[in-house]
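Residue numbers (full-length UniProt numbering), protein chains in the order written: chain G, 1 to 194; chain A, 1 to 194; chain R, 1 to 194; chain Y, 1 to 194. All residues carry an ideal CB built from backbone N, CA and C; glycine is no exception.
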DNA sequence: AATGAATGAGACTTCATTCAT
DNA sequence: AATGAATGAAGTCTCATTCAT
C-alpha cells in the first residue's frame, strides 16, 4: 500500500527537493532520480517544470485543526498552549511543505496565494480558540488584535525554525502566557460593572 | 552623484535582481546588463556568483534606530506606533535587501545568519522602546514577552508585505494598541499602592 | 560501413584532435564539429571532457603481434627486421593513438599507465621473438638486456617519428643487424664445443 | 646573488609550470603568481604567451658533457657506465626542462627542433665515448649503430622516467654491459690477425 | 503508456591581452 | 618602466524540453 504511484512519487520527490534546494536549483533529472523513475516520465506527467510546482500546491493537505480539540473553556492560556503544540506538530510533520511555500512565494504567485490562504486560516483558527476559551465576554476588537498578533508570531516562529539546524521552533510559552493574561485582564475589567 | 563606481553598480544590480527573481534564477549576464558593465567585469570583481551574495550581505547597512527618536515617556502606545512607522520606512527604503534576505536564507547560511542578526537587533530595539516609554515599572518577563511577540509580528508583517502587489505592510495599529494596553494594565496592577 | 554511430564518431574525432593539438587545446565544440554532431551530444555521452580521454584509453586496441608470424628459427636478424616492419605498420596505422598516449601521459595517469603497459608488452614481444629465432642457446640475461635495449630504441623511434613532418620512423636496419650479430656471437661463444 | 631579476623569475616559473601542467593548462596569471611579480609584468616582458615558450627554448642550457671526463681507454663498459651516470645527473638536475621539451614538442616546432638537436648531440657524445674507450679498432658502422641504439635507449629511459612518481630513471647497467660486450667481441674478432 | 536519446540555448567561469596611468 | 583594471571571446558543462519508438 505504501507502493505509491509513480506520479505520486514524483510529486513527493519534487516537494523534498524544492524545499531543500529551491525550485531553480533542482533539475528535473534529480527529481526523477529520487523518485526512482525514468527521466522521461517526469515530463510525461508534467510537461513543464513549473507544472510540478502547481500540482504540488494543488494537492496541499488541508489539515484543519478543530478548535474543540484544544479548547478548554475558562482556560485561555492552556488552550492557546495546546493550540501551539498542535500547530507545531503539524509544522514538524510537513516541513517540506513549509519550506516550499516560503521559498517560492516570491516568484510564483500560485505559491504566494497558498501561503496567504494558510495564514488567513490560521488567524481564524486562533480567533476561534480565543473565543472558545474565553467565552463571549471579550471585545471583538481585542480578539481580532490578539489573533492577528499571535498568528503572525506563530508564523514567524515557524518561518525562522526552517532556518535553524534542527527545524525545531523556539520556546514560546512566555509569550503565550503573557498574551493570555492580557486578554484575561480585559475580561475582568470588562465585567466588574456586571 | 549617482555616478557610482562600476563595482557599486554591479552590487546594486545584483541586489535588485536577486530580490526580484532569486539568486539561482538570475544570470550574471543580466546583472552585467543592468549594471551597464561588460560581462567580464562582474567576474573580475566577484570571481564566483556566490561571492556577490556574500558581498551584498557584508555591505548590509546597519541602520540602527535610536530609541530616543521615537520614545515619549509615559506614552507607550504612541512610542510603539512611532517605532513601527520608522521601521516601515526603513523597510520600504530597502525593499531589495529584505527580499534578498528572506529569499536566500534557506540556502545560504551567510544570509541566514544576517537575517537572524537583524531579528535579534529588532527584539532589543523593541525592548528598549518599551522600557523607555513605560519606565522601569514593568516586570522584566513581561517586557521580554511583549518584545518577542512584537518583533515577530513586525518581522512577519514585513516578510509578507514582500508578497503583496505593492510591498506595503498591512495595517497594524490595532495590534499595537492592544499590546500597549496589555502592558499598561500590568503597570497599574503592579503599583496599586500608589 | 563508415556510417559509425555518433558515439563512435565522437571518439574518433577526439582521438584525432587530441593527437593533433593536445587535450587542453582541443575544445569540445571542435570535437562535436568534426564528428558532425551537436555540441550537447558530446557531453551527453561523456559528461566531462576527461571522460573522453578515459574512454579513448579504454577502447585501446590490443593489437598483439603473434611472434610466430615474424619468427624464422635460425634467422635472428631477419626475424627482428620482420618484427620491426610489423611494428612500424601498426604504428603508422594508429598514429593518433600513439600521439595521444605520449602527449597526455604527463598529466593523465590513466594514459600514463596505458603507455607503460604497452611498453611492457613490447618488451615481452621482443623477448619472444629473440628466443624463437635464436633457440634456447642464449643466456637469459643477454636476452633480457637485448630485449630492453631494442624495445626502448623502437619506442623512442616511434615517439620521435611523431615529431617529424611525415610521421615516418627513421631507418633502423643497421642497429637491428648490429644487435642480432651481438646476440649471435654469444651463441657461438656459448657453444664452442660444437 | 640568488636575487634573480624579475624577468628571470618569470622564466623559471614558466618552465616549472609548463612542465607540471603543460603550456595550455598554465595561465599566465599563475606564472606571475609563482614568480612573485604583478600580472601585468609577464605580458610586459613577453607580449604573447607563446613568447615565453620561445624564450625558454632560447635560454636552453647547453650543458655539454666532455667525453674525456668519463672515458677510460680500454674500459668500454666502465666508460659507458660513467657516461650514463653523468647523463642521469644532468637529467635529474633539469627535470623541468626535460618535461617541457617532451610535452610541447608536438605542438611547438621551436621546441620540437630543440629536442631533436639535443638527441643529435647525445648520439655524437655516445659515439665519442665509444671511440675514446675502444680505440680506433672498431668498424665505423658498428660504432654508429651502437651509438644510435644507446642514445635512443637512454632518451627513452629519461622520457619514461618523467612518468614515474619519483622521476628516477630505471636500472640500466645490464643493458650497458651487454652493449659493451657486443662491441668488445667485435674488437677481438676484428683484430685476431694482429 | 512510457522511455531515454538527442538537442541547443544559455549558464558560469577563465584567460590572454590591452590600456590608461 | 610597471601595473592592475578592464574586456570580451571562448570554454566547459547543465538542463528543460522534444521526439521517435
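Item, Value
"7 Å is my cut-off, CB to CB: does residue 163 (chain A) come that close to chain G?", "yes"
"Can you pull the chain G residues whose beta carbon is under 8 Å from the beta carbon of residue 198 (chain A), in chain order?", "What is shown of chain A runs 1 to 194, which leaves residue 198 (chain A) out entirely."
"Using beta carbons (cut-off 7 Å, strictly below), is residue 53 (chain G) in contact with chain A?", "no"
"Quick one: what's got a C-beta closer than 8 Å to residue 129 (chain A)'s C-beta in the same chain, skipping five residues either side?", "67, 70, 71, 79, 80, 83"
"Are the stretch 139-148 of chain Y and the stretch 90-97 of chain R touching by the rule of at least three beta carbon pairs closer than 8 Å?", "no"
"Below 8 Å on the Cβ atoms is my guess for residue 13 (chain G) versus residue 34 (chain G); work out the distance and round it to an integer in Å.", "4 Å"
"Under a CB-based cut-off of 7 Å, is residue 18 (chain G) close to chain A?", "no"
"Should residue 109 (chain R) be labelled buried (16 or more other beta-carbon atoms within 10 Å of its own) or exposed?", "exposed"
"Measure how close the beta-carbons of residue 19 (chain G) and residue 103 (chain G) come, nearest whole angstrom, since I'm counting them as under 8 Å.", "7 Å"
"Under the three-state reduction of DSSP, which class applies to residue 178 (chain Y): helix, strand or coil?", "helix"
"Taking the alpha helix (DSSP H) that residue 126 (chain Y) falls in, what are its first and last residues?", "109-134"
"When the Cβ atoms of the stretch 151-159 of chain A are set against those of the stretch 118-126 of chain A, are three or more pairs found closer than 8 Å?", "yes"
"Assuming residue 139 (chain A) and residue 24 (chain G) make a contact with CB atoms under 8 Å, what is their CB distance in whole Å?", "48 Å between Cβ atoms; not a contact."
"At 9 Å on the CB atoms, spell out the chain G contacts of residue 21 (chain A), in chain order.", "24, 106, 107"
"To which residues of the same chain is residue 194 (chain Y) closer than 8 Å at the C-beta, ignoring the five residues directly before and after it?", "At residue 194 (chain Y) the pLDDT is 40, less than 50, meaning the model places this residue with poor confidence; the figure from the coordinates comes in the next sentence. Counting only Cβ-Cβ distances below 8 Å, and skipping sequence neighbours, we find nothing."
"Is residue 230 (chain Y) helix, strand or coil when you go by DSSP?", "Lying before the first or after the last residue shown, residue 230 (chain Y) is absent from chain Y, which here runs from 1 to 194."
"Determine the chain R residues that contact residue 156 (chain Y) at a beta-carbon separation under 8 Å, and present them in chain order.", "152, 153, 155, 156, 159"
"In the DSSP assignment, find the alpha helix (DSSP H) that holds residue 35 (chain R) and state where it starts and stops.", "28-35"
"Could you pull the start and end residues of the alpha helix (DSSP H) that residue 141 (chain R) belongs to?", "140-161"
"Using a Cβ-Cβ cut-off of less than 7 Å, give me the residues of the stretch 129-148 of chain G that come near chain A, in sequence order.", "141, 142, 144, 145, 146, 148"
"With respect to the alpha helix (DSSP H) encompassing residue 50 (chain G), which residues constitute its N-terminal and C-terminal limits?", "49-58"
"Could you check which residue in Y:181, Y:31, Y:174, Y:5 has the C-alpha nearest to that of residue 17 (chain Y)?", "Y:31"
"Let me check understanding here. Comparing Cα to Cα, which of G:121, G:106, G:114, G:36 lies closest to residue 163 (chain A)?", "G:106"
"Could you tell me the distance, in whole angstroms, from the CA atom of residue 88 (chain A) to the CA atom of residue 166 (chain A)?", "13 Å"
"How is residue 86 (chain R) classed by DSSP in three states: helix, strand or coil?", "helix"
"Spell out whether any CB of chain R is found under 7 Å from the CB atom of residue 91 (chain Y).", "no"
"Do we get a CB-CB distance below 7 Å when we pair residue 182 (chain A) with the residues of chain G?", "yes"
"Report the option in A:97, A:112, A:168 whose CA atom is closest to the CA atom of residue 59 (chain A).", "A:97"
"What is the rounded straight-line gap between the Cα of residue 51 (chain A) and the Cα of residue 29 (chain A)?", "15 Å"
"Tell me where the alpha helix (DSSP H) around residue 197 (chain G) begins and ends.", "It is not possible to answer for residue 197 (chain G), since the shown part of chain G is limited to 1 through 194."
"Assuming residue 176 (chain A) and residue 77 (chain A) form a contact by the criterion Cβ under 8 Å, report the distance between their Cβ atoms to the nearest whole angstrom.", "7 Å"
"Quick one: is residue 174 (chain Y) near chain R, going by C-beta distance under 7 Å?", "yes"
"Measure the alpha-carbon distance for residue 55 (chain Y) versus residue 39 (chain Y) and round it to whole angstroms.", "18 Å"
"Kindly say whether residue 178 (chain Y), judged by its beta-carbon, lies nearer than 7 Å to any beta-carbon of chain R.", "yes"
"Work out the CA separation of residue 169 (chain G) and residue 63 (chain G) for me, nearest whole Å.", "19 Å"
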